[in-house]
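Residue numbers (the UniProt record's numbering), protein chains in the order written: chain D, 1 to 308; chain F, 1 to 308.
All C-beta atoms, glycine included, are put in the ideal place defined by N, C-alpha and C.
Values in this document were obtained by computation on a predicted structure and should not be read as measured data.
Take a look at the structure set out below.
2 protein chains.
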Amino acid sequence: MGSVEEERPDGVGSIAHRVPDLGALELLLAVARLGSLGAAARELGITQPAASSRIRSMERQLGVALVDRSPRGSRLTDAGALVTDWAGRIVEAARAFDAGAQALRDRRDSRLRVAASMTIAEYLLPGWLLALRAGRPDTAVSLLAGNSAAVAERLLTGEADLGFVEGLDAPSGLDSAVIAHDRLVVVVAPVHPWARRRRPLDASELASTPLILREKGSGTRQVLDTALGGLARPLIELSSTTAVKAAAVSGAGPAVLSELAVGEELALRRLVAVPVDGVSLARDLRAVWPAGHRPTGPARELLTLTRG
Amino acid sequence: MGSVEEERPDGVGSIAHRVPDLGALELLLAVARLGSLGAAARELGITQPAASSRIRSMERQLGVALVDRSPRGSRLTDAGALVTDWAGRIVEAARAFDAGAQALRDRRDSRLRVAASMTIAEYLLPGWLLALRAGRPDTAVSLLAGNSAAVAERLLTGEADLGFVEGLDAPSGLDSAVIAHDRLVVVVAPVHPWARRRRPLDASELASTPLILREKGSGTRQVLDTALGGLARPLIELSSTTAVKAAAVSGAGPAVLSELAVGEELALRRLVAVPVDGVSLARDLRAVWPAGHRPTGPARELLTLTRG
DNA sequence: ATGGGGGCATAAGCTGGGCTTATGGGGAGC
DNA sequence: GCTCCCCATAAGCCCAGCTTATGCCCCCAT
Numbered sequence: 001m002g003s004v005e006e007e008r009p010d011g012v013g014s015i016a017h018r019v020p021d022l023g024a025l026e027l028l029l030a031v032a033r034l035g036s037l038g039a040a041a042r043e044l045g046i047t048q049p050a051a052s053s054r055i056r057s058m059e060r061q062l063g064v065a066l067v068d069r070s071p072r073g074s075r076l077t078d079a080g081a082l083v084t085d086w087a088g089r090i091v092e093a094a095r096a097f098d099a100g101a102q103a104l105r106d107r108r109d110s111r112l113r114v115a116a117s118m119t120i121a122e123y124l125l126p127g128w129l130l131a132l133r134a135g136r137p138d139t140a141v142s143l144l145a146g147n148s149a150a151v152a153e154r155l156l157t158g159e160a161d162l163g164f165v166e167g168l169d170a171p172s173g174l175d176s177a178v179i180a181h182d183r184l185v186v187v188v189a190p191v192h193p194w195a196r197r198r199r200p201l202d203a204s205e206l207a208s209t210p211l212i213l214r215e216k217g218s219g220t221r222q223v224l225d226t227a228l229g230g231l232a233r234p235l236i237e238l239s240s241t242t243a244v245k246a247a248a249v250s251g252a253g254p255a256v257l258s259e260l261a262v263g264e265e266l267a268l269r270r271l272v273a274v275p276v277d278g279v280s281l282a283r284d285l286r287a288v289w290p291a292g293h294r295p296t297g298p299a300r301e302l303l304t305l306t307r308g
Numbered sequence: 001m002g003s004v005e006e007e008r009p010d011g012v013g014s015i016a017h018r019v020p021d022l023g024a025l026e027l028l029l030a031v032a033r034l035g036s037l038g039a040a041a042r043e044l045g046i047t048q049p050a051a052s053s054r055i056r057s058m059e060r061q062l063g064v065a066l067v068d069r070s071p072r073g074s075r076l077t078d079a080g081a082l083v084t085d086w087a088g089r090i091v092e093a094a095r096a097f098d099a100g101a102q103a104l105r106d107r108r109d110s111r112l113r114v115a116a117s118m119t120i121a122e123y124l125l126p127g128w129l130l131a132l133r134a135g136r137p138d139t140a141v142s143l144l145a146g147n148s149a150a151v152a153e154r155l156l157t158g159e160a161d162l163g164f165v166e167g168l169d170a171p172s173g174l175d176s177a178v179i180a181h182d183r184l185v186v187v188v189a190p191v192h193p194w195a196r197r198r199r200p201l202d203a204s205e206l207a208s209t210p211l212i213l214r215e216k217g218s219g220t221r222q223v224l225d226t227a228l229g230g231l232a233r234p235l236i237e238l239s240s241t242t243a244v245k246a247a248a249v250s251g252a253g254p255a256v257l258s259e260l261a262v263g264e265e266l267a268l269r270r271l272v273a274v275p276v277d278g279v280s281l282a283r284d285l286r287a288v289w290p291a292g293h294r295p296t297g298p299a300r301e302l303l304t305l306t307r308g
């Protein structure tokens with residue numbers, strides 16, 4: 001009201017200006033945990049005035065009082081407790097990001113070299129890396145992402161210690177253990193006619209409908225092509241899972257994705273799963289390693305984590 | 001190696017310096033979606049050089065090439081696709097944060113005033129608000145968090161249109177619909193002796209063990225006290241779910257929390273659930289409204305979302 | 001072949017947010 | 001009453017990120 005600014009209809013567009021940055025959120029979490037601005041500042045290696053000012057500017061930005069200050073410490077307000085919890089989820093995602101990014105970078109002198117398919121690297125590995133870091137903080141992990149064949153090759157040439165692939169059968173020359181199951185799902189935006197569909201799609205219907213797909217060569221695409229007999233018709237081909245999801249959410253058409261990739265979207269009903277019949281879209285997720293060389297050390301540790 | 005910096009053992013402490021800020025992550029997502037730095041820049045309302053420089057500094061920070069630039073556009077590298085997906089999850093959490101924060105602030109002239117218990121406000125409402133915003137972008141929602149009694153009062157005095165509470169029975173004077181089920185769980189860090197325990201805990205054992213708890217008066221605490229006959233022994237009392245989780249994860253002792261609150265921690269094995277027997281820790285999550293006044297308009301919309 | 005447009009990079013300069021140091025006031029405990 | 005631990009304010013510094021102004025490259029259409 002009264003501000004000209006952009007022509008954005010408030011709620012669309014850059015969220016970064018409306019959400020405090022990660023440093024501020026971490027600070028808030030520290031304040032919640034430690035009960036004082038000064039203590040939180042010390043933990044983060046900044047000075048108390050810096051913490052004080054940062055919390056205050058966060059309160060100004062959000063328009064809500066977050067902490068009750070007193071000469072004996074600071075406690076969260078009710079709103080502050082909520083905000084802090086929401087902040088925790090952002091920070092959690094950031095930690096997963098960091099764990100993954102570090103593995104992408106560490107290529108040198110890593111004690112554990114992992115090769116994984118895209119889907120697994122995207123959705124499962126960061127969590128595993130976090131858990132591993134919790135138990136073995138000094139284990140440097142490197143990550144190479146590629147398709148099943150690339151993973152197998154890395155293992156056989158000794159460039160990787162442990163691999164993860166999705167698919168119906170284990171690559172030859174490798175031992176494997178099934179660690180989880182996955183399934184491709186057909187998803188549409190809630191506004192799409194298929195969202196209300198009860199009668200399952202069959203193979204021919206799926207094959208004759210233009211779909212939003214990953215490009216040829218991706219594991220997801222291969223499974224679908226195989227299931228349909230090489231007939232999947234692309235509406236558009238996109239280069240990343242994220243792009244496919246975004247297109248589907250925006251209503252461009254039906255997409256086919258791993259259920260790992262759309263779990264959250266389904267929960268939030270940004271996407272709706274369409275029942276499918278007569279098409280085998282299931283696949284296993286496997287840990288793989290060179291035949292006869294049971295994983296030891298950090299690799300064994302990681303393998304244990306993945307099976308729980 | 002070679003840098004003095006902090007005495008932090010790399011992996012501990014402030015994550016904010018190792019993770020690009022939200023603006024950069026949003027930019028990366030836009031680049032992935034639109035296929036060009038310039039187009040992404042336009043969408044975010046910045047200039048092309050700004051986008052170029054920001055992506056470049058993000059690549060420098062992460063030590064990984066994210067996009068392949070060409071005179072005809074930019075595409076993600078393999079590593080970039082991974083990073084973009086991980087970034088998407090941070091941004092998603094940020095959107096939930098924003099939706100929640102906006103509801104905390106909007107107190108005035110909101111078309112839908114919601115009152116909710118802490119647990120529901122923390123874990124479920126942001127997702128609902130996002131979904132609501134997707135369908136009805138112009139619905140201003142305000143959120144008041146409080147215990148069941150407070151929620152009931154807000155509804156009865158007309159200060160709120162729709163409420164959400166957790167508990168065994170619906171407050172009197174209100175109509176209600178069960179929208180989900182919840183259960184308190186006993187959780188410990190993986191290093192805690194109870195983490196390997198097979199034999200379920202019984203009520204007396206739980207009552208005689210000092211626990212990390214929310215403070216008296218919180219809904220979670222009340223359910224536990226009731227289940228144990230008012231006997232829960234606090235090891236420490238903390239003011240927020242986040243603080244309780246952090247204490248439990250750090251191994252301070254067993255904590256009792258809603259399973260909604262610890263879902264992610266259990267999945268990542270940062271916490272382990274301890275089996276419990278002979279203590280009724282289940283509770284319903286209910287939508288509530290003044291008796292006889294079925295929700296209409298935006299309230300009905302939201303109610304539909306919660307049952308999906 | 002040639003000009004235009006879309007794509008990206010580099011350079012120079014400005015601004016503001018977030019940091020620091022320095023200082024002051026308020027409550028609790030020995 | 002002295003001391004310690006809170007927090008707030010003020011003044012100044014610095015760098016990250018933005019903008020404007022260029023230039024190069026490639027493709028395509030005229």
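For the 8 Å Cβ check, are there 3 or more pairs between the stretch 234 to 252 of chain D and the stretch 79 to 89 of chain F?
yes
Which residues does DSSP list as the beta-bridge partners of Asp68 of chain F?
Counting from 1 along the second sequence, the entry for residue 68 of chain F is found at position 68. For Asp68 of chain F, which the question treats as bridged, DSSP gives the partners F:Arg75.
Which of helix, strand or coil DSSP assigns to Leu168 of chain D
Here residue 168 of chain D is taken as the residue at index 168 of the first sequence, counted from 1. In the structure shown, Leu168 of chain D sits in coil (DSSP, three-state: anything other than H, G, I, E or B).
Compare the C-beta of Ile15 of chain D with all C-beta atoms of chain F and state if any pair is closer than 9 Å.
Here residue 15 of chain D is taken as the residue at index 15 of the first sequence, counted from 1. Judged by the 9 Å Cβ criterion, Ile15 of chain D is in contact with chain F.
Grab the span of the alpha helix (DSSP H) containing Leu37 of chain F for me, first residue to last.
Position 37 of the second sequence, counted from the first residue, corresponds to residue 37 of chain F. Leu37 of chain F -> alpha helix (DSSP H) spans Leu37 to Leu44.
Rounded to a whole number of angstroms, what is the C-alpha to C-alpha distance between Glu43 of chain D and Val31 of chain D?
Here residue 43 of chain D refers to the residue found at position 43 of the first sequence. Here residue 31 of chain D refers to the residue found at position 31 of the first sequence. Computed Cα separation, rounded: 10 Å.
Using only the alpha-carbon positions, how far apart do Ser250 of chain D and Ala189 of chain D sit?
Translated into positions along the first sequence, residue 250 of chain D becomes position 250. Translated into positions along the first sequence, residue 189 of chain D becomes position 189. Cα to Cα, Ser250 of chain D sits roughly 7 Å from Ala189 of chain D.
So with CB distances below 8 Å, who are the chain D contacts of Leu76 of chain F?
For this step, residue 76 of chain F is matched to residue 76 along the second sequence. Under the 8 Å cutoff, chain D gives Ser239 and Ser240.
Can you give me the start and stop residues for the beta strand (DSSP E) that Asp161 of chain F sits inside?
In the second sequence, counting from the first residue as 1, residue 161 of chain F sits at position 161. Run containing Asp161 of chain F: none; DSSP gives neither H nor E here.
Return the Cβ separation of Arg269 of chain F and Leu305 of chain D in integer angstroms, given the expectation that the two are a contact with Cβ distance under 8 Å.
Locating residue 269 of chain F in the second sequence gives position 269, where the first residue counts as 1. Locating residue 305 of chain D in the first sequence gives position 305, where the first residue counts as 1. That belief holds up - the Cβ atoms of Arg269 of chain F and Leu305 of chain D are roughly 7 Å apart, short of 8 Å.
What is the DSSP secondary structure of Gln48 of chain F, reduced to helix, strand or coil?
Position 48 of the second sequence, counting from 1, holds the residue named residue 48 of chain F. Looking at Gln48 of chain F - three-state DSSP - the assignment turns out to be helix.
Using the Cα positions of Arg154 of chain F and Arg18 of chain D, report the straight-line distance between them to the nearest angstrom.
Locating residue 154 of chain F in the second sequence gives position 154, counting from the first residue. Locating residue 18 of chain D in the first sequence gives position 18, counting from the first residue. Rounded to the nearest angstrom, the two C-alpha atoms are 28 Å apart.
Over the uninterrupted beta strand (DSSP E) stretch that includes Ala287 of chain F, give me the two end residues.
Locating residue 287 of chain F in the second sequence gives position 287, where the first residue counts as 1. Residues Ala282 to Pro290.
Output yes if chain F places a C-beta closer than 9 Å to the C-beta of Ile55 of chain D; else output no.
Along the first sequence, read from residue 1 onward, the residue named residue 55 of chain D stands at position 55. Ile55 of chain D does not count as touching chain F.
Can you round the beta-carbon distance between Leu29 of chain D and Ser52 of chain D to whole angstroms, since I take them to be within the 8 Å contact cut?
Taking the first residue of the first sequence as 1, we reach residue 29 of chain D at position 29. Taking the first residue of the first sequence as 1, we reach residue 52 of chain D at position 52. So it is not a contact: roughly 16 Å between Cβ atoms.
State the DSSP-derived secondary structure class of Arg233 of chain F, mapped to helix, strand or coil.
Numbered from 1 along the second sequence, position 233 holds the residue referred to as residue 233 of chain F. Coil.
Going straight from the alpha carbon of Val114 of chain D to that of Leu260 of chain D, what length do you get?
Position 114 of the first sequence, counting from 1, holds the residue named residue 114 of chain D. Position 260 of the first sequence, counting from 1, holds the residue named residue 260 of chain D. Going by the C-alpha atoms only, they are around 20 Å apart.
With a 10 Å radius around its C-beta and 16 neighbouring C-beta atoms as the bar for buried, classify Asp138 of chain D as buried or exposed.
On the first sequence, residue 138 of chain D is found 138 positions in, with the first residue counted as 1. Answer is exposed; the Cβ neighbour count stays below 16.
Do we get a CB-CB distance below 9 Å when we pair Thr47 of chain D with the residues of chain F?
Counted from its first residue, the first sequence places residue 47 of chain D at position 47. The beta carbon of Thr47 of chain D sits no closer than 9 Å to any beta carbon of chain F.
Have a look at Arg75 of chain D and Val67 of chain D and give me their C-alpha separation to the nearest angstrom.
In the first sequence, residue 75 of chain D corresponds to position 75, counting from 1. In the first sequence, residue 67 of chain D corresponds to position 67, counting from 1. Rounded to the nearest angstrom, the two C-alpha atoms are 5 Å apart.
Counting along the chain, where does the beta strand (DSSP E) carrying Val276 of chain D start and finish?
Reading the first sequence from its first residue, position 276 is the one you call residue 276 of chain D. Val276 of chain D: not part of any beta strand (DSSP E); DSSP gives it neither H nor E.
If you drop the 5 nearest sequence neighbours on each side, which residues of the same chain put their C-beta closer than 6 Å to that of Ala247 of chain F?
What you label residue 247 of chain F is simply residue 247 of the second sequence in a count that begins at 1. Within the same chain, Ala247 of chain F has close Cβ partners Ile212.
Beta-carbon proximity of Leu184 of chain F to Val151 of chain F, cut-off 9 Å:
Walking along the second sequence from the start, residue 184 of chain F turns up at place 184. Walking along the second sequence from the start, residue 151 of chain F turns up at place 151. Between Leu184 of chain F and Val151 of chain F, the CB-CB gap reaches or exceeds 9 Å.
Exposure label - Ala40 of chain D; buried when at least 16 CB within 10 Å
Residue mapping note: residue 40 of chain D aligns to position 40 of the first sequence, counting from 1. The residue in question, Ala40 of chain D, is buried, as its Cβ has 16 or more Cβ neighbours within 10 Å.
Nearest candidate by alpha-carbon position, reference Leu104 of chain D, set F:Val64, F:Ala103, F:Ala81 and F:Ser142:
Residue 104 of chain D sits at position 104 when you count from the first residue of the first sequence. Comparing Cα-Cα distances from Leu104 of chain D to each of F:Val64, F:Ala103, F:Ala81 and F:Ser142, the minimum goes to F:Val64.
So Thr84 of chain F contacts chain D; which residues on that side make the cut at Cβ distance below 7 Å?
For this step, residue 84 of chain F is matched to residue 84 along the second sequence. Residues of chain D whose Cβ lies closer than 7 Å to the Cβ of Thr84 of chain F are, in chain order, Ser240 and Thr242.
Beta carbons nearer than 7 Å to chain D: which residues of the stretch 126 to 140 of chain F have them?
Pro126, Gly127, Leu130, Ala131, Arg133, Ala134 and Pro137
Return the CA-CA distance between Asn147 of chain F and Asn147 of chain D, expressed in angstroms with no decimal places.
Translated into positions along the second sequence, residue 147 of chain F becomes position 147. Translated into positions along the first sequence, residue 147 of chain D becomes position 147. Between the alpha carbons of Asn147 of chain F and Asn147 of chain D lies a distance of about 51 Å.
Does the distance from the C-beta atom of Ser14 of chain D to that of Tyr123 of chain D stay below 9 Å?
Against the first sequence, residue 14 of chain D aligns to sequence position 14. Against the first sequence, residue 123 of chain D aligns to sequence position 123. In this structure, Tyr123 of chain D does not lie closer than 9 Å to Ser14 of chain D by Cβ.
Please determine, among F:Leu82, F:Gly263, F:Val272 and F:Pro210, the residue with the shortest C-alpha to C-alpha distance to Ala195 of chain F.
Along the second sequence, one-based indexing puts residue 195 of chain F at 195. Comparing alpha-carbon positions, the option among F:Leu82, F:Gly263, F:Val272 and F:Pro210 lying closest to Ala195 of chain F turns out to be F:Val272.
Please state the DSSP three-state secondary structure of Leu124 of chain D.
In the first sequence, the residue the question calls residue 124 of chain D occupies position 124. DSSP places Leu124 of chain D in coil when its eight states are reduced to three.
Name the two residues that bound the continuous beta strand (DSSP E) containing Val188 of chain D.
Here residue 188 of chain D corresponds to residue number 188 of the first sequence, with the count starting at 1. That run of the beta strand (DSSP E) goes Leu174 to Val188.
Closer than 7 Å by beta-carbon distance: list the chain D residues that pair up with Val19 of chain F, in chain order.
On the second sequence, position 19 is the one that residue 19 of chain F refers to. Result: Leu22, Ala94, Phe97 and Asp98.
DSSP puts Val256 of chain F in a beta bridge; with which residues?
Taking the first residue of the second sequence as position 1, residue 256 of chain F is located at position 256. BP columns for Val256 of chain F point to F:Val186.
Considering Arg113 of chain D, what are the terminal residues of the alpha helix (DSSP H) in which it resides?
Looking up residue 113 of chain D in the first sequence gives position 113. Segment Leu112 to Ala116 is the beta strand (DSSP E) holding Arg113 of chain D; no alpha helix (DSSP H) there.
Bridge partners - Leu211 of chain D, DSSP secondary structure assignment
Here residue 211 of chain D refers to the residue found at position 211 when the first sequence is read from its first residue. In the DSSP output, where bridge partners are listed per residue, Leu211 of chain D has D:Pro234.
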